Amino acid sequence: MRNEINCIRCKGRELCRRESCPFKEAFSRIRTIRLEKTVDAITPPSIFVGRFGYPKVSVGPLGVQEENIMLETPEKWISADIPEFLSSRISMIHGRTFRDVRERDRVVESIQEIAMSTRPNEVEMRFEKEPRVREIFDDIVAPIGVAGEVRVLRVLDNPKIPKKVDELLEENMKAEIWVRELYESGFSNYYIEQILSSGVAGSEKRRRLVPTRWAITATDDILGRFLIERIRRYPEINEIRVFSGEAMGNHFEIILLPGRFYFELMEIWMPRDWISETVVEVDREDERGKKEYSSLSGGYYAARLPVLEYLEGERRCASIVAIREIRPSYWAPLGVWVVREAARKTMRGEFRKFESLEEALEDVK
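For reference, each letter of the sequence shown is one residue, going 20 to 384 in my numbering.
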């Protein structure tokens, strides 16, 4: 049900009879892109690794022909409206090649250098054929608009690779330790998921490309479990706190209660054109952790991380009840980053205090 989005099914055929089509408005940006067999572009930096056909997958950089600060900064994406974000994001060109996830050659090494860089890089992509518009929408991965198979990929300047990453490359340690080490060194989860996806993390014999979709959720989960290990040892909060926030049609009510660690996420899908009734889904865990993949998919781990980051910052433990209300205004699947950044925005806001759970629940109705 979560993947069934009306505008994406319609794809601008005006089946909804709206006066203006947000899907068409967003994709009108592609008309300005020069779709040629040789493209000089700037990568934000960003790469994408597909999952279909695993272990032989598509992999390559995402580039743009003009600099746009929104392109790989989810912290700024969340302040845009959906058409604005889409028109920016789908102007990216995905130069892809197909490789076994264990394969290492100069092309894969160039892709890895792009992923490790902390600044934009110029790339030259020579395609087998002119790249084509490909409407890639996903509930985990951010959209991609244009793609083509590259014959030659060249990085035209020197990637800026952090000293910490160079140090980890010399170590023979598990990918999970890489994730924790980078996070504790101040790198964002977005940079870390690029590193994990590029196949440079982990013990040398086990390094391999990881599909972007898997790397995103793995990063959220590894960081979440790492923070839970710490939070469960902290003193409990001594009051009930309620946080409220919204972004891109995703409304959050997050309740923190005195008690041992517990996390519950309730997703409420509000009625829209093709859903006549409200749909409610719930998943949860206690301090023993989750033993299986969440029934709420990657959104569960993405919503959990910002709340854990807040508790880590407070050096406190709490029982958490998070309510995510998905409203009709969230009409296109933009990727799980929306859930994460909407929750972060919520946790950065002011909270309200209550004497009892009943009062708190009454407030969030």
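Every residue gets a Cβ at the ideal spot worked out from N, C-alpha and C, and that includes glycine.
None of the values given here were measured: they were computed from a predicted structure.
A distance of 9 Å or more separates the beta carbons of I256 and E378. Nearest C-alpha to I339 among A351, L330, I274 and D305: I274. The stretch 150-162 and the stretch 186-200 do not touch, with fewer than 3 CB-CB distances between them shorter than 8 Å. Between the C-alpha atoms of A99 and S314 there is a straight-line separation of about 29 Å. K224 is the residue among N177, V171, K224 and Y210 whose C-alpha sits nearest the C-alpha of E189. Counting of Cβ neighbours within 10 angstroms places G278 among the exposed residues, the total staying below 16.
Short of 6 Å from the beta carbon of G268, and not among the five residues preceding or following it, lie these beta carbons of its own chain, in chain order: R346, S348 and Y349. For L324, same chain residues with a beta-carbon under 8 Å away, outside a window of 5 residues either side, are N208, D239, L242, G243, L246, R359 and A362 in chain order. Residues Y281 of the same chain have their beta carbon placed closer than 6 Å to that of D305, with the five preceding and five following residues left out of the count. Cα atoms of A60 and V126: separation of roughly 16 Å, rounded to the nearest angstrom. The stretch 214-228 makes no contact with the stretch 136-149, as fewer than three CB pairs between them are under 8 Å. Counting only the Cα atoms, E258 lies some 44 Å from I66.
In the three-state DSSP reduction, M366 falls in the helix class (H, G or I).
Of the residues Y312, L276, T137 and R291, the one whose Cα lies closest to the Cα of A341 is L276. Residue environment: Y312 is assigned as exposed (fewer than 16 neighbouring CB atoms within 10 Å of its CB, all protein chains considered). Residue nearest to F117 within the set S77, K95, G318 and G72 is S77 (criterion: CA-CA distance). Taking each of M135, P181 and A266 in turn and checking the Cα distance to T365, the smallest one comes out for A266. The beta carbon of I130 sits closer than 8 Å to the beta carbons of I66, V78, G79, P80, L172 and S217 from its chain, once the five residues preceding and following it are set aside; these are given in chain order.
Per DSSP, S77 is one residue of the beta strand (DSSP E) stretching across K75 to G82. Annotation for E378: the continuous alpha helix (DSSP H) segment containing it runs L376 to V383. Within the stretch 192-245, the runs of alpha helix (DSSP H) at least 4 residues long that lie entirely inside it are, in chain order, 194-203 and 208-217. Considering only E344, L105, R291 and Y253, the residue with the shortest C-alpha distance to C336 is Y253. The C-beta separation of F262 from R343 comes to about 12 Å, leaving the pair out of contact by the 8 Å criterion.
Selection K183, L54, W197 and L284 evaluated against V299 yields L284 as nearest (Cα-Cα). Looking at the backbone, the Cα of M111 and that of F373 are separated by about 47 Å.
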